[in-house]
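Throughout the sequence shown, residue numbering follows UniProt numbering, covering 1 to 188 in sequence.
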Amino acid sequence: MPEIRKAGTRPQSLRSLCNSTTAQTFPGGASRHLAIAWRHRPPEGQSGPEPQGSQRFLVGNQPTGLCSQGCQAIVDTGTYVLAVPQQYMNSFLQATGAEVSQYGDFVVNCNSIQSMPTITFVISGSPLPLPPSAYVLNNNGYCTLGIEATYLPSPSGQPLWTLGDVFLKEYYTIYDMGNNRMGFALSV
Numbered sequence: 001m002p003e004i005r006k007a008g009t010r011p012q013s014l015r016s017l018c019n020s021t022t023a024q025t026f027p028g029g030a031s032r033h034l035a036i037a038w039r040h041r042p043p044e045g046q047s048g049p050e051p052q053g054s055q056r057f058l059v060g061n062q063p064t065g066l067c068s069q070g071c072q073a074i075v076d077t078g079t080y081v082l083a084v085p086q087q088y089m090n091s092f093l094q095a096t097g098a099e100v101s102q103y104g105d106f107v108v109n110c111n112s113i114q115s116m117p118t119i120t121f122v123i124s125g126s127p128l129p130l131p132p133s134a135y136v137l138n139n140n141g142y143c144t145l146g147i148e149a150t151y152l153p154s155p156s157g158q159p160l161w162t163l164g165d166v167f168l169k170e171y172y173t174i175y176d177m178g179n180n181r182m183g184f185a186l187s188v
């Protein structure tokens, strides 16, 4: 994206992504009828895919204490799952009731998806809820969590989440390269 901006080949520096089962990108950004809540603007002097600050992480609308000292999150269209900081993995599995299978999958009962908690990321003060229908993957009656552990720290040393397709299928995402910010709107 920075190369496109430098080349001056685009009249606007907006790019958006609706990553559903029929993923689409829209040069020039979103429809003017779509309400976009801007979630991030990096500090002066930063550019590129810098991590976003996450102040809180909620499970079922209850604060977890995870990220109480701050976390970072990267939005990544090249990652299919939600990558959870490894130090939070046990808490995450316990909150969702998942068990580790003999194959290393995080398995849940397909009949209990509706009763599983919504997980919410609070990024730049704005809650971004992720219902269990988004983070549970149903493969012909074999249900697993669409998560994996990550061992990568953020540049600041804080725990780092990767918000992959599991997250992006729930949110229409718009990238404003000209103003170094991104926004999310609930996909419909």
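For every residue, glycine included, the Cβ atom is placed at its ideal position computed from N, Cα and C. As the structure is a computational prediction, the values presented were derived from the model and not from experiment.
Assuming residue i is part of the beta strand (DSSP E), what are its boundary residues?
i, result
"T173", "Y171 to D176"
Do you know how far the Cα of residue j is from the Cα of residue i?
i, j, result
"Y80", "T173", "15 Å"
"V166", "Y135", "6 Å"
"S126", "K169", "18 Å"
"I113", "S156", "35 Å"
"G178", "Y171", "21 Å"
"N138", "L82", "15 Å"
Just checking my contact of residue i with residue j at CB under 8 Å: how many whole Å lie between their CB atoms?
i, j, result
"V100", "T144", "Not quite, the Cβ-Cβ distance comes to about 10 Å (not below 8 Å), so this is no contact."
"T64", "S91", "7 Å"
"Y59", "A149", "For the sequence presented, residue 59 should be read as Val rather than Tyr. Between A149 and V59 the Cβ distance is about 17 Å, and since that is not below 8 Å, they are no contact."
"L152", "L160", "5 Å"
Measure from the alpha carbon of residue i to the alpha carbon of each residue in the options, then state which is nearest.
i, options, result
"T118", "Y175, P129 and C110", "P129"
"Q158", "S187, Q86 and V59", "Q86"
"M182", "A95, S124 and T150", "S124"
"V122", "S187, N180, D176 and Q72", "Q72"
Per DSSP, which residues does residue i bridge with? Please list them.
i, result
"Q62", "V59"
"F106", "V100"
Kindly indicate the opening and closing residues of the alpha helix (DSSP H) around residue i.
i, result
"Y135", "P132 to Y135"
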